[in-house]
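Novice: Let me give you the structure first, and then I'll get to my questions.
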Amino acid sequence: MKTLGERVKARRMELGITQKELGDLVGISQNSITKIENGGNTIHIAKLASALGVSVAWLSIGVGDRDDDIVDNSGLDKQLVSSEPDLLHKHRIDYYDVRAAAGLNGFENSDYPEIISSLFLTDEGIAQLVGKKSADGICLVNVPTDSMDPTIRKGDIVFLDTKVNAYCGDGIYAFAIDGALFIKRIQKMIGGGYRMISDNEIYPPEQISDDVCENAKFIGRFIRTIHIEAVNL
């Protein structure tokens, strides 16, 4: 199952409950459940996981065991990801709405956007899933556009390095220009300026000047996405 919506629907049907019944358990409407199952995002990950009897890590990004965390005889979860911290799961990664993180579309308190949920990774987990030794500056964000499909699909949740606040070499960035959010590959051109490239061929490349790129608000650089498998970006 590739998306949050697919995991919610599959588990709900396995439990034999309706969308309305699940909505009542979570405290949201049936229409909200429908939107989630159809690929929409939600701030109710933890409540959904509790209602469905699954782990937050599995429900949100599809990693780890589906069932609630299993504790071994030492009292420590040996899975890579947990919804709660312990002596092993010490690397915290928060999950934000990318538009809220960018301070766009009228989100309030954009300097401190609301955390949708948090995951805690072991040393092995941070190395395998993120490719880093530390979670410093790393967060999870949702992708609200299909511009980078098939590399990053609409609705995917992606690891973002927020310590990158300017262009630092070819790669995929989240950035805002004049209040508009972009998720694009950026390449520096030999003659000056930059190309903004979408992996989705229906979106043509765009060119921006050095000044525009330098004044853009960089949210971060995408380092890895998780749908079925981890893909280096």
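Position in the sequence shown (from 1) plus 5 gives the number in the working numbering. We put the beta carbon where it would ideally sit given N, CA and C, even for glycine.
Using CA coordinates, which residue listed in Glu19, Gly28, Gly10 and Ile224 is at the minimum distance from Glu42?
Specialist: Cα-wise, what sits closest to Glu42 is Gly10.
Novice: Just to confirm my understanding: we take Ala132, look at its own chain, exclude 5 residues before and 5 after, and list those with CB closer than 8 Å. What are they?
Specialist: Hits under 8 Å: Lys138.
Novice: Can you check which of these residues, Gly136, Val61 and Lys168, is closest to Ile121 by C-alpha distance?
Specialist: It is Val61 whose Cα lies nearest to the Cα of Ile121.
Novice: Start and end of the beta strand (DSSP E) containing Ile143?
Specialist: First-last of the beta strand (DSSP E) with Ile143: Ile143 to Asn147.
Novice: Between the region 92-99 and the region 29-41, can you find at least three pairs of beta-carbon atoms closer than 8 Å?
Specialist: Judged by Cβ distances under 8 Å, the region 29-41 makes no contact with the region 92-99, as fewer than three pairs qualify.
Novice: Rounded to the nearest angstrom, what separates Asp161 and Thr230 at their Cα positions?
Specialist: Rounded to the nearest angstrom, the two C-alpha atoms are 7 Å apart.
Novice: On the criterion of 16 or more Cβ atoms from any shown chain inside 10 Å, does Ala56 qualify as buried, or is it exposed?
Specialist: With 16 or more Cβ atoms within 10 Å of its Cβ, Ala56 is classed as buried.
Novice: With a cut-off of 8 Å on the beta carbons, I'd call Lys14 and Gly32 a contact; round off their distance for me.
Specialist: Incorrect: roughly 19 Å between the Cβ atoms, too far for contact.
Novice: Am I right that Leu85 and Thr127 are in contact with their C-beta atoms under 8 Å? What's the rounded C-beta distance?
Specialist: Yes, Leu85 and Thr127 are in contact; Cβ-Cβ is about 6 Å, under 8 Å.
Novice: Are the CB atoms of Ile188 and Ser152 nearer to each other than 9 Å?
Specialist: Contact flag set, yes.
Novice: For the 8 Å Cβ check, are there 3 or more pairs between the region 134-148 and the region 166-174?
Specialist: Yes, the region 134-148 touches the region 166-174.
Novice: What number of angstroms, rounded off, separates the C-alpha of Asn205 from the C-alpha of Thr47?
Specialist: When rounded, the distance between both Cα atoms is 25 Å.
Novice: Taking only three categories from DSSP, how would you classify Lys189?
Specialist: If DSSP states are grouped into helix, strand and coil, Lys189 belongs with the strands.
Novice: Enumerate in chain order the residues of its own chain whose CB-to-CB distance from Lys193 is below 6 Å, with the five nearest sequence positions on each side excluded.
Specialist: Result list for Lys193: Tyr199, in chain order.
Novice: Alpha carbon to alpha carbon, how far is Gly58 from Pro209?
Specialist: Roughly 44 Å between the two C-alpha positions.
Novice: So the alpha helix (DSSP H) Gln133 belongs to, where does it begin and stop?
Specialist: Unbroken run through Gln133: none, as it is neither H nor E.
Novice: State yes or no: is the C-beta of Ile182 within less than 9 Å of the C-beta of Asn147?
Specialist: Their beta carbons are not under 9 Å apart, which means Ile182 does not touch Asn147 by this criterion.
Novice: Ala23: buried (16+ other C-beta within 10 angstroms of its C-beta) or exposed?
Specialist: Contrary to the premise, residue 23 reads as Thr rather than Ala in this sequence. So Thr23 ends up on the exposed side.
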